[in-house]
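Residue numbers for the sequence shown follow our numbering, so the first one is 1032 and each next one is one higher.
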Amino acid sequence: MQLDGLTAFCTASGAGIGLATARALRAEGARVIATDISEDALAPLAGEGIETHRLDVTDGAAVAALAESVGAVDILFNCAGFVHHGTILDCDEEDFDFSMGLNVKGTYRVTRALLPAMLENGGGSIITVASVASSIIAAPNRFVYSATKAALIGMTKSIAADYVTQGIRANAICPGTVESPSLQGRMRAQGDYETARAAFVARQPMGRIGAPEEIADLAVFLAGPRSSFITGQAIAIDGGWSNT
1032 MQLDGLTAFC
1042 TASGAGIGLA
1052 TARALRAEGA
1062 RVIATDISED
1072 ALAPLAGEGI
1082 ETHRLDVTDG
1092 AAVAALAESV
1102 GAVDILFNCA
1112 GFVHHGTILD
1122 CDEEDFDFSM
1132 GLNVKGTYRV
1142 TRALLPAMLE
1152 NGGGSIITVA
1162 SVASSIIAAP
1172 NRFVYSATKA
1182 ALIGMTKSIA
1192 ADYVTQGIRA
1202 NAICPGTVES
1212 PSLQGRMRAQ
1222 GDYETARAAF
1232 VARQPMGRIG
1242 APEEIADLAV
1252 FLAGPRSSFI
1262 TGQAIAIDGG
1272 WSNT
């Protein structure tokens, strides 16, 4: 298995892309440390040979303590985030600060906490979940969400440039619309689930929504030796949405 002997640290592992990726990394032989703000969501992973920890990435002290506890990791998968629905006029300062604090500063905290030990250990792969709704394409009613995901792409490229000679690779995965409990909740919140779902499907040139496992497969590739010459990239995996 391509990840034998490697340790992976994953955030937002309780559902969707994070859950699928934690399982996929473990299936390829990695020791997986799966974290999420919900202990209940993590419970099924404990029986699958995956180490679990509750973690709120907006809590700097908790991030630092867990990073100190787990030591050096080879793979960091940053997945924690929130999708705010609305335009700039729908986004007040509290909404703006929450999204930036979770999506951007949370990723900053986790990466900054784990990077020193990665460097001391000879390097590793940092994979951050951004989105095609970012600096890649515009999506309606995704003002602050797109701003946070564009920031993550910029952070990823900067980390890649700063540490390229020290064994660190950093890449951003930029999904389109992917099946998840979060997506289903946003569809229900619009009042007509079936109409909302049809609209999400209609904007995908492939005519379907992506599966979390498809994103996880890309994460496994970026985590392992087969992608050893890839760094500083924002890789779209969106069924052709950003290509139209």
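Glycine is no exception: its CB is placed at the ideal position from the N, C-alpha and C atoms.
Given the structure is predicted, the values throughout are model-derived calculations rather than measurements.
Other residues of its chain near residue i: CB distance less than 8 Å, five sequence neighbours each side excluded
| i | result |
| --- | --- |
| R1239 | V1232, G1270 |
| S1259 | R1200 |
8 Å Cβ cutoff met for residue i and residue j
| i | j | result |
| --- | --- | --- |
| V1141 | T1042 | yes |
| I1190 | I1158 | no |
| L1076 | L1086 | no |
| L1150 | I1199 | yes |
| P1236 | T1208 | no |
| S1162 | K1180 | yes |
| R1057 | G1078 | no |
Exposure of residue i, with buried meaning 16 or more beta-carbon neighbours within 10 Å
| i | result |
| --- | --- |
| D1123 | exposed |
| R1219 | exposed |
| P1206 | buried |
| S1211 | buried |
| G1102 | exposed |
| T1118 | exposed |
| F1108 | buried |
| T1052 | buried |
| S1165 | buried |
| A1247 | buried |
| A1182 | buried |
Same chain, Cβ closer than 6 Å to residue i, neighbours up to 5 away in sequence not counted
| i | result |
| --- | --- |
| S1069 | G1045 |
| K1335 | Since the first and last residues shown for the chain are 1032 and 1275, residue 1335 lies out of range. |
| E1059 | M1032, Q1033, L1034, V1251 |
Residue i versus the options, residue with shortest Cα-Cα distance
| i | options | result |
| --- | --- | --- |
| V1160 | M1032, G1047, T1275, L1037 | G1047 |
| G1088 | L1120, G1112, G1078, D1105 | Note on identity: in this sequence residue 1088 is Val, with Gly being the wrong assignment. Here the closest residue by C-alpha is G1112. |
| E985 | A1039, M1237, D1126 | For the chain, the structure presents residues 1032 to 1275; residue 985 sits outside this window and is missing. |
| I1167 | D1193, G1154, E1245, A1203 | A1203 |
| R1062 | G1132, L1037, I1184 | L1037 |
| V1195 | P1243, G1153, A1169 | G1153 |
| D1121 | T1138, R1228, G1137, P1171 | P1171 |
| P1256 | D1105, A1055, G1241, G1091 | D1105 |
| I1184 | N1134, E1225, G1155, D1090 | N1134 |
Own chain partners of residue i with C-beta closer than 7 Å, once the 5 adjacent residues on each side are dropped
| i | result |
| --- | --- |
| H1084 | I1064, T1066, L1097 |
| H1115 | C1122, D1126, S1130, V1175, Y1176 |
Quiz item: Counting Cβ pairs closer than 8 Å, one from the segment 1235–1254 and one from the segment 1167–1184, do we hit at least three?
Solution: No: the two stretches stay apart, fewer than three of their Cβ pairs being nearer than 8 Å.
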